[in-house]
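K.L.:
Okay, here's the structure, questions in a sec.
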């Protein structure tokens with residue numbers, strides 16, 4: 033693996049399904065009294081779905097997407113807010 037080359041990542045331009053899934057999980061976690069940021073971060077880092085509540089089917093909804101799609105959406109939203 034060469035570290036002097038840049039690899040182009042070809043992600044999706046718009047991913048409203050990822051945004052929708054994150055918002056559903058966020059709200060379900062908040063309603064159940066969890067810290068949504070900590071719980072979603074735990075899920076994204078570990079891949080363990082137990083970090084996401086089953087309330088409103090949030091666990092199944094967020095698991096329907098790959099974690100890299102969710103991270104991509106979070107980066108997109110963060111960068112959009114920076115501009």
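Residue numbers (the numbering used here): 33 to 115.
Idealized CB from N, CA, C, for every residue including glycine.
#1: Could you compute how far the alpha carbon of residue 72 sits from the alpha carbon of residue 92?
#2: Please tell me whether residue 50 and residue 105 are closer than 8 Å, where the distance is taken between their beta carbons.
#3: Of the choices 63, 94, 109, whose alpha-carbon is the least far from that of residue 75?
#4: Would you give the residue range spanned by the alpha helix (DSSP H) that residue 68 belongs to?
#5: Mind reading off the beta-carbon distance from residue 102 to residue 48? Whole number of angstroms is fine, and I expect it under 8 Å.
P.N.:
Answer, in terms of the structure:
#1: 14 Å
#2: yes
#3: Proximity to residue 75 across 63, 94, 109 peaks at 94, based on C-alpha coordinates.
#4: 68-78
#5: Not confirmed; about 13 Å, so no contact.
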